[in-house]
Structures are given as C-alpha cells and as structure tokens.
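Residue numbers (our numbering): 293 to 703.
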C-alpha cells in the first residue's frame, strides 16, 4: 500500500468520526492556546518593565526622598534636612566621574485649570538638562532651557492627556494654564503616549501623558512646600560611560549617611541592578506560566492516546480485514500515526489562532501589553505536533501487532 493511499485512508477515518476527532483536538487547541497566551503576556510584562527601567537610564543612580509616616517626619528633621541640593553638590565633588546631578521636585497641585476646563496631572519641577538623561520626546514646541531656569520662568511642557483635558485637540502652544495659584505658559507638548503608570520593582515610572513639567527653580520658588518635606524629592546622578553605577552607589551611600546624620530619610535606586532583577523575575514568570500551559498540552496528548487506543479496539475487525488483503504492519502503524499527527497539527494551528485572540483581548481590555513572537508560535506548534506524534506511537504499534486471524474473529 502506497503512502498516499495510507494518508487518504487516515483522513477519511477522521472525517467519518467528526465529533470524536473534534473532541480529541480540544485538548491540543486549549493547550497550545494557553501556551501562546501565557508566553505573550509574560513577554509583554517584560517589555513594559524594561521600558520603565530604560526611562530611568542605565547610567543613572537615583537618590530619592523616602516616604515616612507623618508622625516620624518631625523627628527625622531634627537630624536631617532631607534630600537637598547640598547632597547633589557633595556627590558631584566626592564621587569620581559623575557627569551631572539633576534635582527633581514634585509639586502637590490642588487645582489645575484653564479657561473653562480642569485637569488632573502630576506636576514636576525638573532641570533643563533632564531630557538628556530621561527618555522624552516632544510633539510640538520646545523644552525650557537654561535661561528659563535662571529667570524662574513660568513656563511648562504638558502631556497629551493634559492637553486634551484643558484645550481639547486644538493647539496648546502659547496658551496658559493655572497650577494652584501660579499661571504657566505652555511652550511644549510631549509626544503621544498611553496614559497610566508603568512600574518596575520599587520604581514607578509614570507616562508623560498626564504630566506637567516646569523648571525646577520655578517649582522651588513659586510653589509652597510643606516645611517637613525634603527640599528635593529626587536627585538623578548620571555617571560617565564605562563607570559602574553600582560602584557609584556604594560611594554615595556612606556620603549621604554622614550628611544626613544617620537619618533613614532617603533611598538609593540603581536601575542597572533593577534591570537584572526584572529580567530574572520575568524569566521565572515565563517558565512558571509555560509549565502550567505545558501541562495542558500533556493532558491533550494523553487525551489523544486514550482516543487512539479506544479507536484501535473499535476498529479491530477493520484492521484484520486490511491485514488479510495485504496491508503490512508498517501500513497499519502509518495510518494511526498519520491520524494522530493530523489531529495534533490541526489542533496546534487552531490553538495558535485561539492564543493570539486571547492575547489581543488581554491587551485590549486589561491594558496589559502582549508580545507575540514567531518563535513562540513555532515552539507551540512544534511541541503540539511532537506531543501528538508521541501520543500516537503506542496505539499505532499496538494496532500493527494485532493478529489478523484473531482480529477477524473480533465482534
């Protein structure tokens, strides 16, 4: 019997038992779909975390004012002023190969308004050099410059969500908005980003879409600040190329401990170290999710084997007749292997489609990014076919070893 004939007989048998074939495929469909969905969600989470950490800059060390309970702040201020410009000056002088130290101040807005509109946003006072170390891009206008900072200019750069809330979809450059009691002129507009907040371990990184940036000098002079708060919320320390940020952090820590009198009112974040931690965490997450999905594939493989074994028993007489008219053991074995292969192939392809749809639904409704790669598609399909073939080998071998005479007697 030729291979095409064997292949045709196998497909005809699957078509004859449509319901049984479809039910057998379900295990592979859901298994492959789960693998695709899990891998794409894991890869999307890794992408989001890496982008968040990348915005912090891998050449940067961040010194941040630590959030403490209100009843503890007064006691801390007796020992330390908190993170301040003095800390930045000390770091620049004492730590070798520091390129720049940039302060960042967060203004607490109780109102953000424009004529006939209001908005909610994060208001940040940053250095005019901040875009050099943070990944930002403008859709229109300009960033404030050194002169603006020196003159305490009341200017700002706003995100897309802020623009839509205050000015609609019309031009925003040259218009004015009011933060608390200070009027600001819009001179720049951030490029479009999805609103919301991404975060990596211990490092929240907000989207520019709902931010307002003003010169740090303006933030410190024009806006009131709680006297118990640190003068500066954050110092971004950028080191030169080739310098280990971990080594720099090791030097910064004892320096600040001395300047702050041992007060635990600051924290040091090293994005480079967070990047490694994030990658390791996401790798473990992907392995765990892949393993869970792999169990579904295994269950699907067991289902194929059970159905194929039942099929061998049900078709014992048919196998005897085929052997009696000249079919070889190899022909019988090939027929059952082809049936198993076809079930796993169709189930795998259908599972890929289901998995891609699930991943897109998660991205659309949960706001979680998903990444579907050719590698994950090929891996899932390959594993499903392998599982199907392995599951079909034993039933095929059992069918080929049936005694033709006894098979013909089977009722």
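Just so it is clear, CB atoms sit at the ideal spot from N, CA and C, and this is done for glycine as well. Remember, predicted model here, so these are calculated numbers, not experimental data.
CB of residue i within 8 Å of CB of residue j, strictly
i	j	result
residue 662	residue 651	yes
residue 375	residue 529	no
residue 632	residue 326	no
residue 397	residue 379	no
residue 505	residue 416	yes
residue 572	residue 389	no
residue 511	residue 458	no
residue 643	residue 324	yes
residue 328	residue 647	yes
residue 545	residue 560	yes
residue 612	residue 679	no
residue 640	residue 672	yes
residue 554	residue 331	no
residue 474	residue 446	yes
residue 515	residue 337	no
residue 454	residue 413	yes
residue 513	residue 402	no
Contact belief for residue i with residue j at Cβ below 8 Å, rounded distance in angstroms
i	j	result
residue 537	residue 562	5 Å
residue 357	residue 568	About 25 Å; that fails the 8 Å criterion.
residue 383	residue 436	Contact flag wrong, Cβ pair sits at about 24 Å.
residue 365	residue 520	4 Å
Residue i burial status per 10 Å Cβ neighbour count (16 or more: buried)
i	result
residue 399	buried
residue 439	exposed
residue 669	buried
residue 340	buried
residue 477	exposed
residue 422	buried
residue 695	exposed
residue 368	buried
residue 468	exposed
residue 634	buried
residue 580	exposed
residue 667	exposed
When the options are compared against residue i, the one with the closest alpha-carbon
i	options	result
residue 395	388, 403, 381 and 405	381
residue 315	687, 621, 596 and 622	596
residue 629	544, 684 and 615	684
residue 482	471, 501 and 475	501
residue 602	454, 337, 519 and 688	688
residue 465	473, 431, 322 and 337	431
residue 450	517, 403, 363 and 503	503
residue 590	362, 361 and 676	676
residue 387	619, 535, 622 and 322	535
residue 460	377, 429 and 407	407
residue 372	362, 320, 518 and 556	556
Alpha-carbon spacing of residue i relative to residue j, whole angstroms
i	j	result
residue 540	residue 393	13 Å
residue 522	residue 558	9 Å
residue 609	residue 656	53 Å
residue 335	residue 452	27 Å
residue 462	residue 442	31 Å
residue 681	residue 615	23 Å
residue 313	residue 351	57 Å
residue 624	residue 317	22 Å
residue 606	residue 654	43 Å
residue 691	residue 599	13 Å
residue 471	residue 548	33 Å
residue 496	residue 300	Low confidence applies here, because residue 496 scores a pLDDT of 41, under 50, leaving its location unreliable; read the following figure in that light. Roughly 60 Å between the two C-alpha positions.
residue 542	residue 420	28 Å
residue 617	residue 686	24 Å
residue 427	residue 353	15 Å
residue 434	residue 418	15 Å
residue 377	residue 456	35 Å
residue 322	residue 308	23 Å
residue 586	residue 645	17 Å
residue 429	residue 517	29 Å
residue 693	residue 584	36 Å
residue 626	residue 306	14 Å
residue 361	residue 404	27 Å
8 Å Cβ cutoff, residue i in contact with chain D
i	result
residue 639	Among the chains in the structure shown there is no chain D, since it carries only a single protein chain.
Cβ-heavy atom distance, residue i to the ligand NAD, below 7 Å
i	result
residue 398	You won't find the ligand NAD in this model; it holds no ligand whatsoever.
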